[in-house]
Every structure is written in C-alpha cells, then in structure tokens.
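Structure record follows, encoded as structure tokens.
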Amino acid sequence: MKEIMNDVWVKRCISVFTAAYAAVITLLTYATFLYDLEFVPDKMAPFLVIYAGASIVFMLLMIYTREMFMTKLISVLLLPIVFFLLLFNIGNGNWVLIIPPFIVAIVMFFAAGTNESVKVIMGTIYLLLYVLGIVAYVVCNMLFGGSDVETVLTPYLDKDTSVYSYYKNEMGHLAEVVDEENTISPDGRYRFYISDVKDSDKGCVKIYVVPNGQDINLKFFSLNQKGIRKTITRNGTRGIVPDVGWVVTENDVLAIQFRLMPESSLKQSKITTMPKKNYFEFLGIS
Numbered sequence: 019m020k021e022i023m024n025d026v027w028v029k030r031c032i033s034v035f036t037a038a039y040a041a042v043i044t045l046l047t048y049a050t051f052l053y054d055l056e057f058v059p060d061k062m063a064p065f066l067v068i069y070a071g072a073s074i075v076f077m078l079l080m081i082y083t084r085e086m087f088m089t090k091l092i093s094v095l096l097l098p099i100v101f102f103l104l105l106f107n108i109g110n111g112n113w114v115l116i117i118p119p120f121i122v123a124i125v126m127f128f129a130a131g132t133n134e135s136v137k138v139i140m141g142t143i144y145l146l147l148y149v150l151g152i153v154a155y156v157v158c159n160m161l162f163g164g165s166d167v168e169t170v171l172t173p174y175l176d177k178d179t180s181v182y183s184y185y186k187n188e189m190g191h192l193a194e195v196v197d198e199e200n201t202i203s204p205d206g207r208y209r210f211y212i213s214d215v216k217d218s219d220k221g222c223v224k225i226y227v228v229p230n231g232q233d234i235n236l237k238f239f240s241l242n243q244k245g246i247r248k249t250i251t252r253n254g255t256r257g258i259v260p261d262v263g264w265v266v267t268e269n270d271v272l273a274i275q276f277r278l279m280p281e282s283s284l285k286q287s288k289i290t291t292m293p294k295k296n297y298f299e300f301l302g303i304s
C-alpha cells in the first residue's frame, strides 16, 4: 500500500483529479458573475456541509500531491479565481460560497512545492490584487450605487424590519398584486416586481420589468438572472402598494398598466424592448 501511495503516477493521476475542484470553483465564479445565487430555504446548511467537506477532501489530496505540476499550477491559479468569486458575491453576503475555497487557496499556495521565488512574486501580486481590488469595489459601489437600500416587496417580509412597518396594513393587497399569475406577462416572457427604496430623502416605490423563465433552479440554490431590467416608474410612495397588471394594447403591444395611488389615474408603459444586460451591476453601476 505504501508503495502504491508513493508511486509517482498515482500522484499524477490524483493531481489531475484535483483540477476538478478548481473547475467547480471557476464554474461557480462564472455563474455568480451572470446570475444572483439564492439559496433554497433550509438548504444552506446541508450545502455548507457538502461544500466544506469536499473542500477539505480536495485540500488533503492537493497536499498529498503538492510536488506534482498540476497541483502547483492549481495552487497558483486558485487565489485569483477565488478573488473574483469574492468580488461577485460579497454584495450578496454569500460567505458560505466564499470561505471554503478561500481557505483551500491560502493553504495550498503555501503548502504546494512551488519555487519560493515564484511564491514571493505571486504572493505580492495577489496581496495587492486583494487589497486594491476590494478598495476599488467599495469605492465604485459608493460612487455609483449610493446609499439607497432596495427591498423587493413580497407577502413574506420580515416582520422585524422597518420595511414591514410601512406595508403591514397593505399585505392583503400586496399579496394580490405580486401573485405569480398577475406578475407574469400573458406571453410568459416577462414579469414585474415592486421594490421599496430607502434613501436619504423620503424614499420611493419602484416597479421593474425583468425577463421571465431565465432563472436556473437547482437542488440547493437558484441562479436568478441579473443585470437585465426595465424601470417602469420610480415615483411610488412608500407605504402604498401600487395597482399593477399586464394589458395588451389595440396594436397587440404588451404594456404594464399601473396606478401609484388609489386616487390617481391609470398609466401605461409599453414593453417593446429590454435593456442590454449590465455585466457591472456588482459594482453598483446601473
């Protein structure tokens, strides 16, 4: 058994196998660049157990094969991959997704049999990448994102939040407006949602239209399309749920019909095109 474990070809095969871990982390990074990752209720804990367990197993395999070329390569590449994973998820607070591969990346960077000069040079570059990258991320979000806090209005708002206190007398109406049958367009291509905005002034209520059916639902989490949305109005009053629905005009054009306050008149906004995908939404750029 000892001879098998010390065999160079066994180590090479295991080293190549560990590349699967780097591939999965890269895939998660790419997925969270294009989508918002949202955990299924009560599925975060089991996901963390599996995710952390797999990370530990692969880290041990990498330590075992630390002198192999593939492991050395992974140890150098994993830190920048995790940096982008951090960048795309820090705004959502998905630390469950970030911490296990970050620990693996740090441990393997120092444990791998990479040349010490390479470690010093790459370590300096990566340190600057993380520090300057996070500072740039914070600055961009402050400049472009501002201090506004948006909350999607649903009947399941946390009763302990200030947002709920604004709409507690409107929950029945809110449930009717945001019911799935009402929010999805007749052709199934779009859906709308309503958002409460807390800002430095009196705040507002916004109505957005987004593509429908482009989310990816998996066992532990869903990947929700992001970066494509059309603002219908930003003039709603906090505490008042607007009447919103879909209509088809005489020219067979799809439109959103809305009334911001009970006494106001109905308005329409035609939906003919959607904005192009914004790939830099994570930086607060809208």
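Residue 19 is where the sequence shown starts when you use the working numbering, and the numbers rise one by one after that.
Think of the CB as a built atom: it goes at the ideal place given N, C-alpha and C, for glycine as much as any other residue.
This one's a predicted model, so the numbers in the text were calculated from it and none came from an experiment.
Given residue i as reference, the closest of the options once Cα atoms are compared
| i | options | result |
| --- | --- | --- |
| PHE300 | PRO118, LEU161, ASP60, MET189 | LEU161 |
| ASP197 | LEU171, GLY221, ASP219 | LEU171 |
| ILE32 | ARG84, ILE116, ILE68 | ARG84 |
| GLU268 | PRO280, GLN286, ILE139 | GLN286 |
| SER218 | ALA193, LEU241, GLY164, THR132 | GLY164 |
| THR142 | ASN159, PHE128, LYS220 | PHE128 |
| ARG252 | LYS216, PRO204, ASP270, LEU236 | LYS216 |
| GLU56 | ASN242, ILE250, LYS248, PRO280 | ASN242 |
| ASN235 | GLY111, ASP54, PRO118, THR290 | ASP54 |
| GLY231 | CYS222, ILE202, THR249 | ILE202 |
| ASP233 | VAL28, VAL34, LEU52 | LEU52 |
| VAL42 | TYR69, ILE124, ILE108 | TYR69 |
| HIS191 | ILE212, GLY206, THR179, MET23 | ILE212 |
| ASN200 | GLN275, ILE152, SER183 | GLN275 |
| THR352 | ILE139, CYS222, GLY206, VAL138 | In the structure displayed, the chain extends from 19 to 304; residue 352 sits before or after that span and is not available. |
| ILE124 | ILE81, SER135, ILE152 | ILE81 |
| VAL156 | ILE108, GLU21, LYS29 | ILE108 |
Exposure label - residue i; buried when at least 16 CB within 10 Å
| i | result |
| --- | --- |
| TRP113 | exposed |
| PHE210 | buried |
| THR47 | buried |
| ILE99 | buried |
| MET88 | buried |
| LYS288 | exposed |
| LYS295 | exposed |
| LEU97 | buried |
| VAL122 | buried |
| TYR39 | buried |
| TYR185 | buried |
| LYS305 | Given a span of 19 to 304 for the chain in the structure shown, any question on residue 305 remains unanswerable. |
| LEU175 | buried |
| ILE116 | buried |
| MET279 | exposed |
| MET23 | exposed |
Supposed contact pair residue j and residue i - C-beta distance, whole angstroms, cut 8 Å
| i | j | result |
| --- | --- | --- |
| THR36 | LEU95 | The Cβ separation is near 12 Å, so there is no contact. |
| ALA130 | SER73 | In fact, because the Cβ distance is near 16 Å, the residues do not count as touching under 8 Å. |
| PHE298 | LYS61 | No, PHE298 and LYS61 are not in contact; Cβ-Cβ is about 29 Å, not under 8 Å. |
| VAL306 | THR290 | One cannot answer for residue 306 here, as it falls past the ends of the chain, which runs 19 to 304. |
| VAL58 | SER304 | At roughly 28 Å, the Cβ-Cβ gap does not stay under 8 Å, so VAL58 and SER304 are not in contact. |
Under 8 Å between C-beta atoms of residue i and residue j
| i | j | result |
| --- | --- | --- |
| MET189 | PRO229 | no |
| MET126 | MET77 | yes |
| ASP214 | ARG277 | no |
| VAL265 | ALA273 | yes |
| VAL305 | VAL259 | As shown, the chain starts at 19 and ends at 304. That puts residue 305 outside it, with no answer to give. |
| PHE101 | LEU150 | no |
| GLY254 | LYS224 | yes |
| THR44 | PHE106 | no |
| VAL227 | TYR208 | yes |
| THR132 | LYS177 | no |
| LEU145 | PRO119 | no |
| ASN159 | GLY302 | yes |
| PRO173 | ALA193 | yes |
Checklist entry - Whole alpha helix (DSSP H) runs in the stretch 69 to 156 with 4 or more residues, listed along the chain? => result 87 to 107, 113 to 129
Item to check | Complete beta strand (DSSP E) runs within the stretch 210 to 268 (minimum length 3 residues, chain order) | outcome: 222 to 229, 239 to 243, 248 to 254, 261 to 266
Checklist entry - Quick one: complete beta strand (DSSP E) runs, 3+ long, within the stretch 22 to 67? => result 53 to 57
Checklist entry - What are the start and end residues of each continuous alpha helix (DSSP H) run of 4 or more residues lying completely inside the stretch 154 to 195, in chain order? => result 180 to 185, 189 to 195
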